[in-house]
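As structure tokens, the structure follows; a few thoughts come after it.
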Amino acid sequence: MNKIILASGSPRRKEIFESFNVPFEIEIAHIEEKIHEDEKPEQIAMALAFEKVAAVEEKCNNGDIIIAADTIVVKNGILGKPKDYEDAFKMLKLLQNDIHYVITGFAIVQAHSYNKFVSYEKTKVKFKQLTDDFIKRYIDTGEVWDKAGSYAIQGKGAAIVEWIQGDYFNVVGLPISRIQSILSDHFDIEIV
């Protein structure tokens with residue numbers, strides 16, 4: 001049987017995948033995440049996910065299924081992971097009391113074949129109004145680091161989200177419902 005390879009170092013993506021009790025291996029994709037401002041956010045997320053697959057494909061056996069994802073937050077442009085405290089504060093200040101979008105591009109590829117599927121999921125998120133003190137306290141939890149948009153909906157960041165419209169797991173970083181359907185329909189793999 002072909003192996004499933006999750007091309008990600010994200011603990012959140014690993015945790016989501018582990019909940020399905022399907023054997024898989026982790027192969028961390030090392031890429032330089034270049035963002036071209038002239039491209040649409042959906043295209044950027046899908047391209048980055050596909051680059052992650054390409055970065056690990058040579059290490060995989062023929063027929064292995066490689067899954068990679070890249071999540072970005074969009075509000076007046078693309079918000080990546082915060083560079084420092086000030087950057088995290090600016091992002092959360094921008095997102096508070098307003099709507100933004102979380103886009104996860106994903107790629108599912110059968111190694112060394114033409115069987116490839118690349119798509120994205122988009123979720124609408126509304127934050128509560130936040131005081132500067134609250135934002136500072138949230139940053140001080142340390143949860144903002146390595147998260148697009150400077151928050152983790154599956155953690156303490158749940159307290160700043162007023163509502164979401166769409167896939168919760170997409171906001172966490174892996175739209176597992178879509179991925180399960182694609183694995184079943186296009187790769188004949190059942191993960192449930």
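According to the UniProt record's numbering, the sequence shown holds residues 1 to 192 in order.
Backbone N, C-alpha and C define an ideal beta-carbon position, used for all residues, glycine too.
Since we're looking at a predicted model, the values are computed, not measured.
By the neighbour-count criterion, in which a residue is buried when 16 or more other Cβ atoms sit within 10 angstroms of its Cβ, T131 is exposed. In the three-state reduction of the DSSP assignment, G9 falls in the coil class. Here I28 is exposed. Its C-beta has fewer than 16 other C-beta atoms within 10 Å. Secondary structure of V192 (DSSP, three-state): coil. Non-local beta-carbon contacts of E33 in its own chain, meaning distances under 7 Å to residues more than five positions away in sequence, involve L48 in chain order. Taking a C-beta distance under 8 Å as the contact criterion, E57 and A111 qualify as a contact pair. Boundaries of the beta strand (DSSP E) harbouring I108: I99 to Q110, taken from the DSSP string. Taking C-alpha positions only, M46 is separated from G166 by approximately 18 Å.
S19 has its alpha-carbon roughly 28 Å from the corresponding atom of V74.
The closest CA to that of T104, considering only A68, N97, K128 and K93, is found on A68. A distance of 8 Å or more separates the beta carbons of I72 and A158. The three-state reading of DSSP puts A152 in coil, since its state is none of H, G, I, E or B. Excluding five sequence positions before and after S177, the CB atoms of its chain that fall closer than 8 Å to its own CB belong to D167 and F169, given in chain order.
CA-to-CA, the gap between T141 and F50 works out to about 32 Å.
Nearest C-alpha to Y85 among Y138, K122 and F127: Y138.
Annotation: the continuous beta strand (DSSP E) that includes A69 extends over I65 to V74. Distance from the CA of I182 to the CA of D133, rounded to the nearest whole angstrom, comes to 43 Å. For Q180, the enclosing alpha helix (DSSP H) begins and ends at I176 to F187.
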